[in-house]
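First up is the structure itself, then whatever we jot down about it.
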Amino acid sequence: MLNNEADSSQGSGVSKKKGHLFVVSGPSGVGKTTLIERFLKEDSFSRFSISYTTRKQRASEVNGREYYFVDRDTFHKMITESHFLEWEEVHGQLYGTPQKEVLHALQQGIDLFLDIDVNGALKVKERYRNACLIFVEPRSQDDLMKRLALRGEKEISLRMKRVSQEMEKKYLFQYCIINDKLEVAYRDFFKIIEDVRREDNGKNHC
Ligand code: ADP
Ligand code: 5GP
Numbered sequence: 007m008l009n010n011e012a013d014s015s016q017g018s019g020v021s022k023k024k025g026h027l028f029v030v031s032g033p034s035g036v037g038k039t040t041l042i043e044r045f046l047k048e049d050s051f052s053r054f055s056i057s058y059t060t061r062k063q064r065a066s067e068v069n070g071r072e073y074y075f076v077d078r079d080t081f082h083k084m085i086t087e088s089h090f091l092e093w094e095e096v097h098g099q100l101y102g103t104p105q106k107e108v109l110h111a112l113q114q115g116i117d118l119f120l121d122i123d124v125n126g127a128l129k130v131k132e133r134y135r136n137a138c139l140i141f142v143e144p145r146s147q148d149d150l151m152k153r154l155a156l157r158g159e160k161e162i163s164l165r166m167k168r169v170s171q172e173m174e175k176k177y178l179f180q181y182c183i184i185n186d187k188l189e190v191a192y193r194d195f196f197k198i199i200e201d202v203r204r205e206d207n208g209k210n211h212c
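When we follow this note's numbering, the leftmost residue of the sequence shown carries the number 7, and every step to the right adds one.
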């Protein structure tokens with residue numbers, strides 16, 4: 007268990023409120039980035055946790071914005087140095103959440119959003135029981151394929167192979183959102199965050 011669960015007063019007598027950890031998972035292409043980015047544009051109390059990955063950088067991506075792109079040797083070295091809160095192999099590539107950055111943000115009272123795969127999300131929940139797990143699902147697998155194509159994804163079949171495995175684990179999440187109409191999904195997403203923040207007084211929903 008991470009030593010970040012309780013509010014700390016740091017000897018000042020003033021209790022400092024910790025940030026919330028929102029973990030957003032679901033099949034690749036379902037719209038996780040879209041929902042998180044929209045929320046972050048409107049909310050100055052939150053940040054996105056930037057993961058490390060060995061996958062190739064896309065033309066639209068910037069190193070240090072969507073991900074930190076590293077080679078496998080570097081990633082393995084980071085594993086041995088306990089750099090990650092969790093890490094997983096997804097679609098043949100390695101992805102990991104940096105531990106120190108996450109804990110630092112939460113200690114500063116910043117709400118943090120993780121966009122990670124379902125297994126990674128469940129690992130985070132084991133280590134940080136207050137984490138709020140949100141699963142985003144598509145209306146259909148057809149919709150998902152269309153979205154991956156829309157994004158210009160080159161490895162659609164590789165990504166589709168994982169979908170049923172991911173869907174089987176959605177029942178382990180606290181919240182599920184169907185991202186069919188974006189406006190409806192965003193409203194649901196927004197409400198979950200509001201509810202979790204409101205119920206923070208020792209009675210967290212998650
Ligand atoms: P993820 O982060 O889950 O891999 P993205 O947020 O990158 O998925 O979304 C994949 C593609 O689907 C993007 O082109 C995005 O604009 C589009 N998209 C997201 N939500 C919807 C929606 N509700 N309806 C139609 N297209 C959507
Ligand atoms: P993509 O290559 O499409 O950006 O991401 C592929 C998958 O890896 C997505 O399901 C995404 O949520 C997941 N992912 C991204 N970063 C991490 C991470 O740090 N840890 C884990 N476990 N999964 C991640």
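Every residue, glycine too, gets a C-beta built ideally from N, C-alpha and C.
Asked: Beta-carbon proximity check, V1 vs L120, cutoff 8 Å; Found: In the structure displayed, the chain extends from 7 to 212; residue 1 sits before or after that span and is not available.
Asked: Simplified DSSP assignment, three categories, for Q99; Found: strand
Asked: Local conformation of F179 per DSSP, three classes; Found: coil
Asked: Cβ shell of F141 (< 6 Å), same chain only, five flanking positions each side left out; Found: S31, G32, K176, F179 and C182
Asked: 8 Å Cβ cutoff met for T60 and Q99; Found: yes
Asked: Residues sharing a beta bridge with S52, DSSP; Found: D117
Asked: Straight-line gap, S55 to L27 (C-alpha atoms, nearest Å); Found: 10 Å
Asked: Endpoints, the beta strand (DSSP E) within which V30 is located; Found: L27 to S31
Asked: Where the alpha helix (DSSP H) containing T86 begins and where it ends; Found: R78 to T86
Asked: Heavy atom of ligand 3 within 7 Å of Y74 beta-carbon; Found: With respect to ligand 3, the structure shown offers nothing to examine, as its ligands consist of ligand 1 and ligand 2.
Asked: Three-state class that DSSP yields for N185 in the structure shown; Found: coil
Asked: Buried versus exposed, by CB contacts within 10 Å (16 or more), S34; Found: buried
Asked: Neighbourhood of F90 by C-beta distance below 8 Å, restricted to the same chain and skipping five residues each side; Found: Y58, M84, G102, T103, P104 and Q105
Asked: Residue of D117, I198 and L156 minimising C-alpha distance to G25; Found: D117
Asked: Contact test: K38 Cβ vs ligand 2 heavy atom, cutoff 7 Å; Found: yes
Asked: Contact test: N185 Cβ vs ligand 1 heavy atom, cutoff 7 Å; Found: yes
Asked: Start and end residues, alpha helix (DSSP H) containing E172; Found: V169 to E174
Asked: Start and end residues, alpha helix (DSSP H) containing V142; Found: Per DSSP, V142 belongs to no alpha helix (DSSP H); it is in the beta strand (DSSP E), C138 to E143.
Asked: Counted within 10 angstroms of its Cβ, other Cβ atoms place A65 as buried (16 or more) or exposed; Found: exposed
Asked: Exposure of C212, with buried meaning 16 or more beta-carbon neighbours within 10 Å; Found: Interpretation of C212 is limited by its pLDDT of 47, a score under 50 that renders its predicted location unreliable; the figure taken from the coordinates is listed afterwards. Burial call: buried.
Asked: Coarse secondary structure for T39, derived from DSSP in three states; Found: helix
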